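Working notes, structure below.
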Amino acid sequence: MNDESREPFKRLFFALDCAPAQRKAIAQWRGALQLRSGRPVPAENFHLTLKFLGSIDNARIADICEAAASVRTSGARLTVVLDRLDVWRRAGALVLAPEQAPPALLRLVYDLEQALLPFGLEDAPREFRPHLTLARDFRAPLPEAVTAPEFFLRADRFILFESHKGRYRALAEWPLGTA
Ligand code: ATP
Ligand code: MG
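Residue numbers (my numbering): 22 to 200.
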């Protein structure tokens with residue numbers, strides 16, 4: 022029996038992923054910041070969380086997938102412009118965020134939250150603040166970027182990830198569109 026079949030729960034979250042070339046570009050840009058604090062997130066883990074679910078019983082995952090599949094998307098690809106470097110002090114995170122969150126992204130998150138309501142996953146949902154984490158345990162002033170960030174995260178799908186021992190595994194995905 023492998024680990025997976027023994028574990029009754031999985032740590033899950035919905036997210037947009039990042040294309041490999043873009044991960045590389047973002048990691049390179051981060052490299053130029055010459056960070057002296059924090060743990061850099063491995064480039065392969067770059068993502069934008071839509072909804073964190075936490076620990077979920079394996080038996081519920083099929084229903085969660087069904088709920089996600091019921092989310093009506095606009096049929097268009099989503100573009101999020103990551104153009105702001107920020108330090109989230111309380112979370113100890115260095116993040117890239119959009120100066121302006123696109124309405125389609127907010128809509129997607131809202132619809133996803135609505136679809137997940139029957140599962141009663143949380144008491145007090147947190148405000149959604151789109152971001153891509155560059156480093157954790159970051160306790161330093163905002164680094165100065167030589168070139169201002171401007172990464173166009175283009176998503177044609179959203180993904181249910183399992184988080185396990187610092188690695189993410191895509192369990193299922195749903196198309197957003199190609200236009
Ligand atoms: P690690 O915790 O092992 O350092 P990680 O933070 O990347 O790695 P997870 O904690 O499983 O892995 O988190 C997966 C995603 O969910 C990340 O985007 C993380 O920021 C987000 N997340 C984790 N915990 C919460 C939470 N309590 N509320 C909202 N989002 C969360
Ligand atoms: Mg974490």
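Every residue gets a Cβ at the ideal spot worked out from N, C-alpha and C, and that includes glycine.
Given the structure is predicted, the values throughout are model-derived calculations rather than measurements.
Secondary structure remark: continuous beta strand (DSSP E) runs of at least 3 residues inside the region 66 to 108, in chain order: 68 to 78 and 99 to 103. Counting of Cβ neighbours within 10 angstroms places V167 among the exposed residues, the total staying below 16. The Cβ atoms of D107 and E120 lie no closer than 7 angstroms to each other.
Only residues of its own chain outside the window of five on either side were considered, and among them E194, W195, P196 and L197 have a CB closer than 7 angstroms to the CB of R178, listed in chain order.
In the DSSP assignment, K31 falls within the beta strand (DSSP E) that extends over F30 to D38. Around I85, the same chain offers L33, L74, I77, L137, F140 and L181 as residues with beta carbons nearer than 8 angstroms, after the five sequence neighbours per side are excluded. Cβ-Cβ distances below 8 angstroms link A90 to W195 in the same chain, with the five nearest sequence neighbours on each side left out; the list follows chain order.
Going by DSSP, R147 is part of no alpha helix (DSSP H) at all; its letter is neither H nor E. In the three-state DSSP reduction, F140 falls in the helix class (H, G or I). Assigned with DSSP and collapsed to three states, G52 falls in helix.
In this structure, DSSP gives V130 a helical state, which the three-state scheme calls helix.
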